[in-house]
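The following block contains the structure:
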């Protein structure tokens, strides 16, 4: 019996030896290299988004990063360039200005994606942006910039010799893009650290699934800054946050007034919670940030829109 | 005895280890490496074509919108410069090329993506104009195979075949030829095409799709044949067998598409063509344009017909001070004039909305229903156009015998608020080309 065991062992070992001997590791990496050449704009993005903030600014359509349930088209490149300049100037830099260089590096999404078309839902609503897991912000309707601005080419024909941008409708630019970014960023912040739950009780019972069924005025009278805000507590929170920053004080006050005695008071209570949450949790003074933004909106025409040179 | 015992063990060892050794790789290189090679091959072929590629693309898995032809030049730096036969619907000028980016990536297969917006390429997939991807197109195409002359891709969403053919002219000349050929063919205003054997293929009014009735009966079974233009002819999406002859590629010659690759059932090369045809009553759109004499209330007067929407309508000027829109039908060479808005009309300090309203003289009845009006048919002989007015049969039990102009304070005609415009009652008889 002993011997049988010995031979069995011998057989088993010889088996192992044979099996092992065939299994060499390939010296070739299985990670494939992209065949796609980086451009001047890519180098600028590296220096202005990736290196300082660890943000990948994705303007070339990538199937796997997009929502498969929508039919979308890519953004026109010149609009992505304008968006890159604008987002840096009106979103990344203002936060850095009121905090420090680390804030956006730590809290901005790792991926920021621009899509050219709208994302159309079955119920005839249009998706303007999404924030996913604190990691990724997608902005839609990039190609609509055409409707809100004129690009003046220096040579009168194309972008080869540079261009400047005349924003014809700042309110629409603000609504479709800057408001959406602040909105999505607020989602990222509260996904990281939850806002005080007191906020959810202010309009308790007034949240509706079909937010398109009420008017902006009805929403205001129930204490919502926008009808979309009435769709869920978290949406309400980020809408208050975003509109407080992107509306002028006059427009904000008019919205509070439109809310009347009840709605107006609720909006005031909501913004008070947003302000203390931002101060206590993130060390940001919303009024200081709002003032910085107002100043930058006034300065936007000074941007050199077509300069993508890097050092 | 004891030694013999070793044999089965050794045999077993051999057998088992034998199994391990026999696991053979189907491919010599790992999957990622093969994808990598395919990506490089795809890019190398795309950029190697000196003049670029002609691309025959079909949106929608139903192929309902037919094919669309592009010409594109791919650069190594990721730029692609494109023009296409969608130019009349987009930039308005085939000479205007649009440069955007492409990329080649691999996920489950090697995919060519037009990854920044291009007016031409994304025309079939942009949801913005319709709040919907109306044409169900795609701009990500999986690479199937290729060589220096031809590359084959498949649409990721539609699985439709996309065929690239290396060009021997520059991209603008290629698409100018395509668009000029399309104009030349559409100017014939054919009902469709007839094969040598007499089978009829009807042409779609909007898209490059033919409808083939194998039984020669337009009520019976049919087959849709989507096709795309080339600079010299057309290509069917797939080879089609009509009357025993299999065809796919055609060259345009003297009003007919002549097959360049026809094969008989035995596989032998043969000759075949599809020839354009008209209905017997056909009159060309252009023949109606010009000066006419119209008999109105028994009195002859001069009017003109000018182009409004080419191949669809004309402007007739003027009747009682108003221009009328006249419809054209290539099917039976008839014209039509129906209830319509004719412009603003100011009287008594009020700016009214004026309409041409058909009138039935017998009961003395007026209508403002859409589509009701006159049909004009040619009764002239020897090439002289004489159009006779008749009722178009869209007014139930009533008959359009005449018409007059009426106006309303709003642009919604109804039974209240109507005001008749004086001296506009018109009884048309005939209209004769000068």
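Protein chains in written order, with our numbering: chain L, 2 to 312; chain Z, 0 to 433.
Virtual Cβ for every residue (Gly too), placed ideally from N, Cα, C.
For clarity, every value in this text was computed on a predicted model and none was experimentally measured.
Residues of chain Z whose Cβ lies closer than 8 angstroms to the Cβ of residue 119(L) are, in chain order, 126, 127 and 130. Under the three-state reduction of DSSP output, residue 248(Z) falls in the strand class.
Put simply, the backbone Cα of residue 238(L) is about 18 angstroms away from that of residue 178(L).
Here the alpha carbon of residue 222(Z) sits roughly 27 angstroms from the alpha carbon of residue 53(Z). Fewer than three pairs of CB atoms, one per stretch, sit closer than 8 angstroms, so the stretch 295-302 of chain Z makes no contact with the stretch 242-255 of chain Z. Take residue 74(L), set aside five residues on each side of it, and the residues of its chain with a beta-carbon closer than 7 angstroms to its own are 117 and 118, in chain order. When the Cα atoms are used, residue 78(Z) and residue 270(L) turn out to be separated by approximately 53 angstroms.
When C-alpha distances from residue 249(L) are compared across 220(L), 288(L), 260(L) and 55(L), the shortest belongs to 288(L). When DSSP states are grouped into helix, strand and coil, residue 289(L) belongs to the helix group. When only Cα atoms are considered, residue 70(Z) and residue 207(Z) end up about 18 angstroms apart. Not a single C-beta of chain Z is nearer than 9 angstroms to the C-beta of residue 70(L). From the listed residues 104(Z), 33(Z), 121(Z) and 170(Z), the smallest Cα separation to residue 49(Z) is found for 170(Z). Counting along the chain, residue 41(Z) sits inside the alpha helix (DSSP H) bounded by residues 30-47. Secondary structure at residue 280(L): helix, using DSSP grouped into helix, strand and coil. For residue 143(Z), the closest alpha carbon among the candidates 72(Z), 162(Z), 123(Z) and 95(Z) is that of 162(Z). Using a C-beta cut-off of 8 angstroms, the stretch 405-418 of chain Z makes no contact with the stretch 382-389 of chain Z, since fewer than three inter-stretch Cβ pairs fall below that distance. Closest option to residue 313(Z), judged by alpha-carbon separation, among 330(Z), 320(Z), 301(Z) and 285(Z): 285(Z). Residues of chain Z whose Cβ lies closer than 9 angstroms to the Cβ of residue 156(L) do not exist; the shortest such Cβ separation is about 15 angstroms. By the Cβ-count criterion, residue 82(L) is buried, with 16 or more other Cβ atoms from all chains shown falling within 10 Å of its own Cβ. Counting only Cβ-Cβ distances below 8 angstroms, residue 174(L) has no contacts in chain Z at all, with the closest Cβ about 17 angstroms away.
Among the CB atoms of chain Z, none fall inside 9 angstroms of the CB of residue 199(L). Residue 223(L) places its beta carbon 9 angstroms or farther from that of residue 199(L). With a threshold of 9 angstroms between beta carbons, residue 150(Z) makes no contact with chain L.
Boundaries for residue 393(Z): no beta strand (DSSP E) harbours it, and the DSSP string shows neither H nor E there.
A residue is called buried when at least 16 other Cβ atoms come within 10 angstroms of its Cβ; residue 137(Z) meets this threshold and is buried. For residue 106(Z), the chain L residues whose Cβ falls inside 8 angstroms of its Cβ are 64 and 65, in order along the chain. For the pair of segments examined, the stretch 43-62 of chain L was found to touch the stretch 99-118 of chain L: the number of CB pairs separated by less than 8 angstroms reaches three. Taking C-beta atoms under 8 angstroms as the contact rule, residue 130(L) and residue 185(L) qualify, at a distance of about 5 angstroms. Separation of the CB atoms of residue 65(Z) and residue 203(Z) is rounded to 7 angstroms, and the pair is thereby assigned contact status at 8 angstroms. The stretch 271-285 of chain Z and the stretch 185-201 of chain Z touch, with no fewer than 3 CB-CB distances between them shorter than 8 angstroms.
Taking 9 angstroms as the cut-off, the beta carbon of residue 110(L) is found no closer than this to the beta carbon of residue 143(L). Contact between the stretch 118-127 of chain L and the stretch 21-36 of chain Z is not established, with fewer than three Cβ pairs separated by less than 8 angstroms. Looking from the CA of residue 46(Z), the closest CA among 31(Z), 236(Z), 72(Z) and 361(Z) belongs to 72(Z).
Taking all protein chains in view, the Cβ of residue 254(L) is surrounded by fewer than 16 other Cβ atoms within 10 Å, so the residue is classified as exposed. The way I'd put it, the stretch 361-375 of chain Z does touch the stretch 331-345 of chain Z; three or more beta-carbon pairs between them come closer than 8 angstroms.
Taking 9 angstroms as the cut-off, the beta carbon of residue 146(L) is found closer than this to the beta carbon of residue 84(L).
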